[in-house]
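When you number the sequence shown by the working numbering, it's gap-free, plus one each residue, and the end is 288.
Ideal Cβ placement from N, Cα and C applies to all residues, glycine included.
Okay, structure first, notes after.
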Amino acid sequence: MRMPRHLRRTAAALICLSLAAVSGCERSVTQPPARDKQALAIIERARTAPQSLEHSGIELHQAELALIAPGQPPLSVTEEKLYAAFVRSPQPDGSLVLWDKATGRSESLPPALTWLTYKRAGDRHVNVNFDDGENGYSFLARAPDRISRRTIPESERMKGPTVLAWLARSLVEDSGQASTVRVRGRELTDGVLCDVIEISVPPGKRPDGTNRDGKQAVYYVGVFDRLIHRAVEVHGEPQRRHYRELSLIIDPAFAAQSISYARFESEVRKLLGGKPLPPVVATMQ
């Protein structure tokens, strides 16, 4: 089936957006190994910045795009699962573009209450998540037969708003594994002046012994608040590239609302159209 013209345009625009965002980062691979002291100092300040926020309201915008070159083998079982919700756009040259966009809302209140709603453009399904600091509850509209509950290990509990703290942790981990860490300069993103940190991570082994793909990443760290406002990454072989962009718009006028399991239940009921709540099922992850 040929993809509608407006979706082809959207896919093409996403390609241009992703390539432009990571182009400087991909070029950095050819640079001699370097760990810029200025970049490391910015990263250290970004590591602790989320802890200074008592509460937060954040709008999330994510775009993902995979580009499979002409003549490549069909998607593997793992890739089929990964890209199940993506829009597929075969190109005239025989390449395949797969893309998805998502929007979300993250809120946090002390001491450790967090809320996240997440809607994908590909399959239009919504995820709702609530954490009380010890247990995480999630409901996926594509699997309406259960509410999942997961005990959060001590090692995974975040200091500060979860999304911001998770991004700060990712920045620290990437920089620790990187062969190149440098400051590209300062740029505006959504009106926020940011230090732009480029990181190149070579292929290697994860702590659990599994293989880690190499990747290039760009983090936009606020000059004044030291929070991460945007992150872009690319990984995979040149014939099977995967791009991801995540932008955060932090609401300075956020008024704290109730974050509770009762609110979570109410949101799930709305998604179910008033039907009874499904059972809560304990999961390992």
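Consult DSSP for residue i and reduce its assignment to one of helix, strand or coil.
i: ALA37; result: strand
i: PHE171; result: Just to set this straight, residue 171 is Ala in the shown sequence, not Phe. Note: ALA171 maps to helix in three-state DSSP.
i: SER158; result: helix
i: GLY179; result: helix
i: LEU196; result: strand
i: LEU280; result: coil
i: ARG48; result: helix
i: ALA146; result: coil
i: ALA256; result: coil
i: CYS19; result: Summary for CYS19: the model assigns pLDDT 45, below 50, so the residue's position carries little reliability; its value from the coordinates is reported in the next sentence. DSSP places CYS19 in helix when its eight states are reduced to three.
i: ALA285; result: strand
For the alpha helix (DSSP H) holding residue i, just list the boundary residues, first then last.
i: LYS273; result: 264-274
Span of the beta strand (DSSP E) holding residue i?
i: GLU190; result: 183-192
i: LYS218; result: 218-225
i: ALA234; result: 231-238
i: HIS245; result: 243-253
i: ASP134; result: 129-134
i: PHE142; result: 138-143
Measure from the C-beta of residue i to each C-beta in chain C and report whether the shortest distance is under 7 Å.
i: VAL166; result: Within the model displayed, chain C is absent; a lone protein chain is all it includes.
Kindly give me the distance between the Cβ atoms of residue i and residue j, rounded to whole angstroms, as I take these residues to be in contact under 8 Å.
i: GLY139; j: TYR121; result: Actually they do not touch by this definition, with Cβ atoms about 14 Å apart.
i: PRO205; j: GLY217; result: 5 Å
i: SER178; j: ILE46; result: 5 Å
message = Assess contact between the region 269-286 and the region 248-261, defined as three or more Cβ pairs (one per stretch) separated by less than 8 Å. Is contact present?
response = no
ask   = What residue ranges within the region 56-120 form continuous alpha helix (DSSP H) runs of no fewer than 4 residues, ordered along the chain?
value = 80-85
task = Count the C-beta pairs between the region 184-200 and the region 220-232 that are closer than 8 Å, then say yes if the count reaches three, no if not.
result = yes
query = Does the pairing of the region 81-100 with the region 208-215 give three or more beta-carbon distances under 8 Å?
reply = no
Given 8 Å, three or more beta-carbon pairs between the region 277-285 and the region 92-102 = no
key: Segment contact, 8 Å Cβ cut-off, at least three pairs: the region 63-73 with the region 241-253   = yes
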